[in-house]
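Okay, so here's the structure we're looking at.
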Amino acid sequence: MSQQPQTTTLSELKKPVPPLDPSIKAGFDTVGGFDLIQRTAKLFAASNIVPQQFQGNLPNCVIAVDMALRMGANPLMVCQNLYIVHGRPAWSAQFLIATLNQCGRFTSIRYEFQGEEGKDEWGCRAVATELATGEKLTGPLITIGLAKKEGWYGKNGSKWQSMPELMLRYRAASWFVRAYAPEIAMGLKTAEEVQDTYALEPAEDGTYRVSVQEMKEEAQDRDTPSKRSRPTNAEMEARRKEAADAWLATGNPIEDVEKLVNAYARNWTTAQCEKAKQLAAEAMRNGAQQDAPEVPAQPEAQPAPAANMITCPKTETQVSDWTCSDCEQRAGCPAWAE
Numbered sequence: 020m021s022q023q024p025q026t027t028t029l030s031e032l033k034k035p036v037p038p039l040d041p042s043i044k045a046g047f048d049t050v051g052g053f054d055l056i057q058r059t060a061k062l063f064a065a066s067n068i069v070p071q072q073f074q075g076n077l078p079n080c081v082i083a084v085d086m087a088l089r090m091g092a093n094p095l096m097v098c099q100n101l102y103i104v105h106g107r108p109a110w111s112a113q114f115l116i117a118t119l120n121q122c123g124r125f126t127s128i129r130y131e132f133q134g135e136e137g138k139d140e141w142g143c144r145a146v147a148t149e150l151a152t153g154e155k156l157t158g159p160l161i162t163i164g165l166a167k168k169e170g171w172y173g174k175n176g177s178k179w180q181s182m183p184e185l186m187l188r189y190r191a192a193s194w195f196v197r198a199y200a201p202e203i204a205m206g207l208k209t210a211e212e213v214q215d216t217y218a219l220e221p222a223e224d225g226t227y228r229v230s231v232q233e234m235k236e237e238a239q240d241r242d243t244p245s246k247r248s249r250p251t252n253a254e255m256e257a258r259r260k261e262a263a264d265a266w267l268a269t270g271n272p273i274e275d276v277e278k279l280v281n282a283y284a285r286n287w288t289t290a291q292c293e294k295a296k297q298l299a300a301e302a303m304r305n306g307a308q309q310d311a312p313e314v315p316a317q318p319e320a321q322p323a324p325a326a327n328m329i330t331c332p333k334t335e336t337q338v339s340d341w342t343c344s345d346c347e348q349r350a351g352c353p354a355w356a357e
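In this note's numbering, the protein residues as written are 20 to 357.
Structural data, given as structure tokens:
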């Protein structure tokens, strides 16, 4: 029995698209929510009023919209105040202040200054009142002296030198948010904080880049001997093989260098590997096998001197003169006198 071909009428094609379920929320939790957040992100990606790092970049826009939903903020405002610094997002300090003021949990941020302006002790605190309890919350104190100790003040082109009061306010506010409402910042630093840590170079695509030299210096500071991890077994085996191969290339047996470093090649430490390579280099410079470093000879034990044998007149047995020296009747003994 043959099946009849399926057909679709024009009226069926003209049926209106069913509306979206209002209960579906944009986000990553459901398939419908993921589709909805992508629709919103496509709108921003096609816009030319968002920063360049979001234009035509759907993944970046999806992430920005998701962050806005989690914070309860406007997606466009998030896009305008989210900076990409060396592949990592960072907020502007103004955005954090505005978000905290509008979150409904605190009064608007105020600032308390102390110390003499222009001195290292001049500083600022951010303060606000928690609406639920009426408690006054005071943020950490930020001073010019702190900025100098942390290296923020002395960087080339630092805003701490040209507009210190504004930078004190911004830093005090960002630290207040980190202390009392870290969920607002979502664990991210402000762009001003990152600027104080690294020398940022604006890129054509709207992002910021860190100079290679600063990244190298940062890595060198972290890679101190006290913080380096111990080499793995595989790394040690590779070092031992490299040192042994260097010595064998001189044409000398491996036993020679094992004696020089006082350890078998299979047990060499990093220092002994370096010593073996150094000896190999010296042997190659001096003519390899013919002028290889001489293995120090071990001193041979000297044989004990032979003892003289004497016939004891008392016991009529052969004894050594060492035994006679301890004999009580040695004086006047005829055998000893001989």
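Ideal Cβ positions, reconstructed from N, Cα and C, are used throughout, including at glycine.
Starting from residue i and walking both ways along the beta strand (DSSP E), at which residues does that stretch end?
{"i": "E131", "result": "R129 to Q133"}
{"i": "Y102", "result": "L101 to V104"}
{"i": "R188", "result": "Per DSSP, R188 belongs to no beta strand (DSSP E); it is in the alpha helix (DSSP H), P183 to Y199."}
Between the Cα of residue i and those of the options, spot the shortest distance and give me the residue it belongs to.
{"i": "E254", "options": "A200, C292, A151 and K61", "result": "C292"}
{"i": "I128", "options": "G176, Q57, T118 and R89", "result": "T118"}
{"i": "Q303", "options": "E274, G270 and Q71", "result": "Residue identity check: residue 303 is Met in the sequence provided, not Gln. Out of E274, G270 and Q71, G270 has the C-alpha closest to the C-alpha of M303."}
{"i": "A145", "options": "N175, E184 and D264", "result": "E184"}
{"i": "L115", "options": "E212, A151 and C143", "result": "E212"}
{"i": "F125", "options": "T157, R58 and G51", "result": "T157"}
{"i": "M205", "options": "G306, V97 and R285", "result": "V97"}
{"i": "T148", "options": "G52, A200, R249 and D54", "result": "A200"}
{"i": "G91", "options": "E274, E256, E202 and W287", "result": "E202"}
{"i": "G134", "options": "K155, I163 and A151", "result": "I163"}
{"i": "M182", "options": "R258, G137 and A284", "result": "G137"}
{"i": "T152", "options": "W194, K168, G123 and Y130", "result": "G123"}
{"i": "S193", "options": "P250, Q113, A65 and T59", "result": "Q113"}
{"i": "E256", "options": "Y283, V196, P272 and K278", "result": "Y283"}
{"i": "K155", "options": "I56, E301 and Y130", "result": "Y130"}
Consult DSSP for residue i and reduce its assignment to one of helix, strand or coil.
{"i": "C143", "result": "strand"}
{"i": "C352", "result": "coil"}
{"i": "T288", "result": "coil"}
{"i": "C346", "result": "coil"}
{"i": "A109", "result": "strand"}
{"i": "F125", "result": "strand"}
{"i": "T330", "result": "strand"}
{"i": "T157", "result": "strand"}
{"i": "I273", "result": "helix"}
{"i": "I116", "result": "helix"}
{"i": "W179", "result": "helix"}
{"i": "E136", "result": "coil"}
{"i": "R58", "result": "helix"}
{"i": "V97", "result": "helix"}
{"i": "R304", "result": "helix"}
{"i": "I203", "result": "helix"}
{"i": "A65", "result": "coil"}
{"i": "R295", "result": "Here residue 295 is Ala; the residue named in the question, Arg, does not match the sequence. It is helical."}
{"i": "G173", "result": "coil"}
{"i": "F73", "result": "coil"}
{"i": "F47", "result": "coil"}
So, for residue i: in the same chain, excluding its five sequence neighbours on each side, which residues have a beta-carbon less than 6 Å away from its beta-carbon?
{"i": "W171", "result": "W179 and D215"}
{"i": "S111", "result": "N100 and A210"}
{"i": "P94", "result": "V84 and A87"}
{"i": "F132", "result": "C143"}
{"i": "K294", "result": "V280"}
{"i": "I161", "result": "G142, C143, L187, R190 and A191"}
{"i": "K296", "result": "A262 and A265"}
{"i": "N120", "result": "S127"}
{"i": "F195", "result": "A145 and G158"}
{"i": "C352", "result": "none"}
Using a C-beta cutoff of 7 Å, does residue i count as contacting chain C?
{"i": "T336", "result": "In the displayed structure, chain C is absent; only one protein chain is listed."}
Leaving out five residues before and five after residue i in sequence, what residues of the same chain have Cβ atoms less than 7 Å from its Cβ?
{"i": "L207", "result": "P108, A109 and W110"}
{"i": "N67", "result": "Q74"}
{"i": "K61", "result": "L77"}
{"i": "A198", "result": "G158 and P159"}
{"i": "V276", "result": "W266, A295 and L298"}
{"i": "R258", "result": "T289 and C292"}
Go through its chain and collect everything with a Cβ distance to residue i's Cβ below 8 Å, but skip five positions before and after it.
{"i": "S177", "result": "W171 and D215"}
{"i": "A268", "result": "A299 and M303"}
{"i": "F63", "result": "V69, F73, C80, A83, V84, P94, L95 and C98"}
{"i": "R285", "result": "R259"}
{"i": "R89", "result": "M205"}
Along the chain, where does the alpha helix (DSSP H) that runs through residue i open and close?
{"i": "L150", "result": "Neither: L150 is in no alpha helix (DSSP H) and is coded neither H nor E."}
{"i": "A210", "result": "A210 to T216"}
{"i": "W266", "result": "N252 to L267"}
{"i": "I163", "result": "I163 to K168"}
{"i": "N79", "result": "L77 to M90"}
Could you tell me whether any non-hydrogen atom of the ligand ADP is closer than 6 Å to the CB of residue i?
{"i": "E140", "result": "Because no ligand of any kind appears in the structure shown, any question about the ligand ADP cannot be addressed here."}
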